[in-house]
Amino acid sequence: MKSFHVHLYAVAIAVAATSLQDVHVKACTAIAVTKGASVDNSTLIAHTDDAGGAASDLRLVRVPAQDHEPGSKRAVYNIKGGYPRVVTSDRGLHYQPVDDSETGQTQEYSMPMGYIPQVEHTYAYFDQDYGMMNEVQLSIGESTCGAKTVGWPLDVPGGKNLFGIAELTKIALERCATARCAINVMGTLAEKHGFYSEDSGDMAKPDYGDSAEALVVGDKHGEVWVFHLMTGKDHTGAVWAAQRVPDGHVTVLANGFTIREIDLSQPDWFMASTNVVSLANEMGWWDPKGDEPFDFTASYGFADKDAIGPLYTGRRIWRVYDVLAPSLQLDARLGSFSQYATYPFSIKPDHPVETYQIMDLLRDYYAGTQYDMTKGLAAGPFGSPVRWSGSPGGVTGGWERPISMYRTLFAFVLQIRSHKGPDALGGVAWYAQGAPHGSVFVPFSCAQNTVPESYLLGRQSKFHPQSAWWAFNIVNNWSLLRFNAMSVEIRGNIDRLQTAAFALRRKMETEALIESQSVTITDTELVTRLQAQSNEFADLVVAQWWQLAWTLIGKYSDGYMTTGEAPKQQMSIGYPTWWLKSSEFASWPGDTFKPKFNKQLLKVDRETTQGFVREAAKTTDIELKGQSYPVAFAWVIIGAVLGATMLALADKASRRIGYNAVA
Numbered sequence: 001m002k003s004f005h006v007h008l009y010a011v012a013i014a015v016a017a018t019s020l021q022d023v024h025v026k027a028c029t030a031i032a033v034t035k036g037a038s039v040d041n042s043t044l045i046a047h048t049d050d051a052g053g054a055a056s057d058l059r060l061v062r063v064p065a066q067d068h069e070p071g072s073k074r075a076v077y078n079i080k081g082g083y084p085r086v087v088t089s090d091r092g093l094h095y096q097p098v099d100d101s102e103t104g105q106t107q108e109y110s111m112p113m114g115y116i117p118q119v120e121h122t123y124a125y126f127d128q129d130y131g132m133m134n135e136v137q138l139s140i141g142e143s144t145c146g147a148k149t150v151g152w153p154l155d156v157p158g159g160k161n162l163f164g165i166a167e168l169t170k171i172a173l174e175r176c177a178t179a180r181c182a183i184n185v186m187g188t189l190a191e192k193h194g195f196y197s198e199d200s201g202d203m204a205k206p207d208y209g210d211s212a213e214a215l216v217v218g219d220k221h222g223e224v225w226v227f228h229l230m231t232g233k234d235h236t237g238a239v240w241a242a243q244r245v246p247d248g249h250v251t252v253l254a255n256g257f258t259i260r261e262i263d264l265s266q267p268d269w270f271m272a273s274t275n276v277v278s279l280a281n282e283m284g285w286w287d288p289k290g291d292e293p294f295d296f297t298a299s300y301g302f303a304d305k306d307a308i309g310p311l312y313t314g315r316r317i318w319r320v321y322d323v324l325a326p327s328l329q330l331d332a333r334l335g336s337f338s339q340y341a342t343y344p345f346s347i348k349p350d351h352p353v354e355t356y357q358i359m360d361l362l363r364d365y366y367a368g369t370q371y372d373m374t375k376g377l378a379a380g381p382f383g384s385p386v387r388w389s390g391s392p393g394g395v396t397g398g399w400e401r402p403i404s405m406y407r408t409l410f411a412f413v414l415q416i417r418s419h420k421g422p423d424a425l426g427g428v429a430w431y432a433q434g435a436p437h438g439s440v441f442v443p444f445s446c447a448q449n450t451v452p453e454s455y456l457l458g459r460q461s462k463f464h465p466q467s468a469w470w471a472f473n474i475v476n477n478w479s480l481l482r483f484n485a486m487s488v489e490i491r492g493n494i495d496r497l498q499t500a501a502f503a504l505r506r507k508m509e510t511e512a513l514i515e516s517q518s519v520t521i522t523d524t525e526l527v528t529r530l531q532a533q534s535n536e537f538a539d540l541v542v543a544q545w546w547q548l549a550w551t552l553i554g555k556y557s558d559g560y561m562t563t564g565e566a567p568k569q570q571m572s573i574g575y576p577t578w579w580l581k582s583s584e585f586a587s588w589p590g591d592t593f594k595p596k597f598n599k600q601l602l603k604v605d606r607e608t609t610q611g612f613v614r615e616a617a618k619t620t621d622i623e624l625k626g627q628s629y630p631v632a633f634a635w636v637i638i639g640a641v642l643g644a645t646m647l648a649l650a651d652k653a654s655r656r657i658g659y660n661a662v663a
């Protein structure tokens, strides 16, 4: 019976894989490292935002802390893709309406879908597609998942739900200092007002593969939780569960649920909605009379029908765990299934984890493994790790899904530390623009009030020479012309600037701690200093990345590598031998070459050249009568050499030019 199901599954993969590249276009990866698993007792929350298929708002926005009048209401919006993500006067300067230079019109206010009671005080936080990190170090990373339910927002016909994950994460950061508070706030609001995924598709064609959400949530008290959220029965309400990650462990979310058995008698380790078990029983997704204990993912997870479930999700989970705990010898081929677990919820790394290791994991495209994206025919002659999405035109197949990919809009590693004193020192948002394999993570204090102007400029539809995002995006795109060569230079610059970033942050923290012990420094003064130093460095990185862009554009153009203005400072570095053998080069010219035409051309060339030699000899014979013999003989030699040279050139032109391949 088992082999029969395996066969059916294989058939399903073959049938459905043709759509592999057009789904999960907003899928993201999230990693969490507990403080006991890190080298310096930092809690790390990491995320790649792999937006795609629709334009996105590129801005990193700082939403300020605010006080609110008693009885105030908090507006709730449908945070959609595109620019601007929201227009409102209640979230600071950068979300207020402005005169749009592109359209020539003033932006219109976004229409709230509803309101909830506002609290007296809200924290400041970094905001992008989702809320990231607030001023008291509460941090969130996101990954869209599939589920057996689906829902839609109130502002579409038939929609029944008020909250998407974007607004829930923002509200959690506004109101909470702990992970438990954040989960309770998000879960309670979703249950009461209904939850929908921003990627649920339309009602005529629901997208169950993107209808749910998973978060990693960390706080300065050392707790890290995994939170799963989906719509409830009849496309409304919510079902959710949360599990705490053991200290000393690392966990990863890669577009699939990971929580299995839950024990609500242990509130320090599990939390869930009131209907978490009853709905599964009611819908027939779990049988309480059976032998199996309640399994959240088996009950509610998306029923995988193609390669997305097993490999799209599983390969990234394997990669993170295998890099950090190779001693486990996990099998990369297992994939990920809702019905049963193939990889653990969390793992203990073989060695304490460094912050830079998580950054490098976010930059990963399986280099050095059998799944290396820079290898094979699809990587092209220059080893590109990029595989574009789009319709496969009826061809069955798929690509590997790496952690870093071309449509990664931004990435971050949020560093949480309670032992560093004030939150402004302990909390660091390491933020990278664009695909992280070609980007630098710059440090911002979790308490600073502004970010550099370059992080607020630019749109995807129009190149902007002052935009931080465009600086990294143009380098990433230009590198695809000859990735194997340019990536070496890019990585060298990444390492140099990333090292400088860590050194700067250490210096900033050391100076601040020394000063706080010897003289009085207010929290405001500390934030101002950290903000100035962080923003200055971020501006430096952007400026140097623009310099790198112009250098690469000049150096690698028209198939040449040009390093200077001397003739020998430009060279064609060609194609690799293996690719030439695999391409039309090795079989050219085939039946497109007709030697008889070449002989006719060669005959004309020879006759012309020989005629030139005869004329030269006649001239020499005439001149012999009036000149000495040595001079005349010299003219004959010159004529013969010139004639032979022209014959050689004619022969060379008649043959295929040789090619010096790159090994």
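Counting from 1, one number per residue, gives the positions in the sequence shown under the UniProt record's numbering.
We put the CB at the ideal spot given by N, CA and C, even for glycine.
Here the structure is a predicted model, which is why all the values come from computation and not from measurement.
Does the distance from the C-beta atom of residue i to that of residue j stay below 8 Å?
i: Thr122; j: Arg62; result: no
i: Thr258; j: Val226; result: yes
i: His228; j: Ala241; result: yes
i: Met186; j: Ala212; result: no
i: Asp57; j: Pro97; result: no
i: Ile116; j: Lys80; result: no
i: Ala429; j: Leu530; result: no
i: Phe163; j: Val224; result: no
i: Ile474; j: Val252; result: no
i: Val33; j: Val353; result: yes
i: Lys160; j: Gly194; result: yes
Considering only residues of the same chain and omitting the five flanking positions on each side of residue i, which have a CB-CB separation below 7 Å?
i: Asp127; result: Val61, Val63 and Lys170
i: Leu264; result: Phe270 and Ala272
i: Leu93; result: none
i: residue 712; result: Nothing can be reported for residue 712: it is not among the residues displayed for the chain, which extend from 1 to 663.
i: Ala54; result: Gly81 and Gly82
i: Glu509; result: Lys420 and Leu425
i: Trp545; result: Ala471, Phe472 and Val475
Round the Cβ separation of residue i and residue j to the nearest angstrom and send it over; I've been treating them as touching at under 8 Å.
i: Ser445; j: Leu457; result: Not really, about 21 Å apart at Cβ, beyond 8 Å.
i: Thr43; j: Ile416; result: 4 Å
i: Ser336; j: Gly314; result: 4 Å
i: Asp210; j: Gly146; result: 6 Å
i: Val440; j: Gln498; result: 6 Å
Tell me whether residue i is buried or exposed, calling it buried when 16 or more other Cβ atoms sit within 10 Å of its Cβ.
i: Ala204; result: exposed
i: Glu102; result: exposed
i: Glu565; result: exposed
i: Gln547; result: exposed
i: Ala378; result: exposed
i: Pro349; result: buried
i: Ser346; result: buried
i: Met359; result: buried
i: residue 701; result: Here the chain comprises residues numbered 1 to 663, so residue 701 is not present and cannot be evaluated.
i: Met486; result: buried
i: Trp469; result: buried
i: Thr297; result: buried
i: Ser479; result: buried
i: Arg655; result: Residue placement at Arg655 cannot be trusted, given a pLDDT of 43 that sits under 50; the coordinates are not used to answer.
i: Ser139; result: buried
i: Glu584; result: exposed
i: Gly434; result: buried
i: Met571; result: exposed
i: Arg459; result: buried
Residues in the same chain with beta-carbon distance under 8 Å from residue i, minus the five sequence neighbours each way, listed in chain order, please.
i: Pro70; result: Glu120
i: Leu334; result: Pro310, Gly314, Trp318, Thr342 and Tyr343
i: Ile262; result: Ala241, Gln243, Phe270, Ala272, Val276, Phe294 and Phe296
Can you name, in chain order, every residue of its own chain whose Cβ lies under 6 Å from the Cβ of residue i, other than the five neighbours on each side?
i: Phe382; result: Arg482, Phe483 and Asn484
i: Val6; result: Unreliable positioning characterises Val6 in this predicted model, as indicated by a pLDDT of 38, which lies under 50. A coordinate reading is not provided.
i: Arg59; result: Leu456
i: Leu168; result: Met186
Let me check you understand the geometry: is the CB of residue i closer than 7 Å to at least one non-hydrogen atom of the ligand SAH?
i: Arg175; result: Looking for the ligand SAH in the displayed structure turns up nothing, as the structure carries no ligands at all.
At least one CB of chain C closer than 8 Å to the CB of residue i: is that the case?
i: Asn78; result: In the structure shown, chain C does not exist; there is a single protein chain.
* the stretch 47-59 in contact with the stretch 256-276 per 3-pair CB rule at 8 Å -> Taking 8 Å as the limit for Cβ pairs, the verdict is that the stretch 256-276 does not touch the stretch 47-59.
Stretch pair the stretch 363-374 + the stretch 394-412: three plus CB contacts closer than 8 Å:
The way I'd put it, the stretch 363-374 does touch the stretch 394-412; three or more beta-carbon pairs between them come closer than 8 Å.
Item to check | Contact between the stretch 132-139 and the stretch 432-447 (3+ Cβ pairs under 8 Å) | outcome: With three or more CB-CB distances shorter than 8 Å, the stretch 132-139 counts as touching the stretch 432-447.
| Do the stretch 583-592 and the stretch 384-403 make contact, defined as three or more Cβ pairs closer than 8 Å? | No, the stretch 583-592 does not touch the stretch 384-403.
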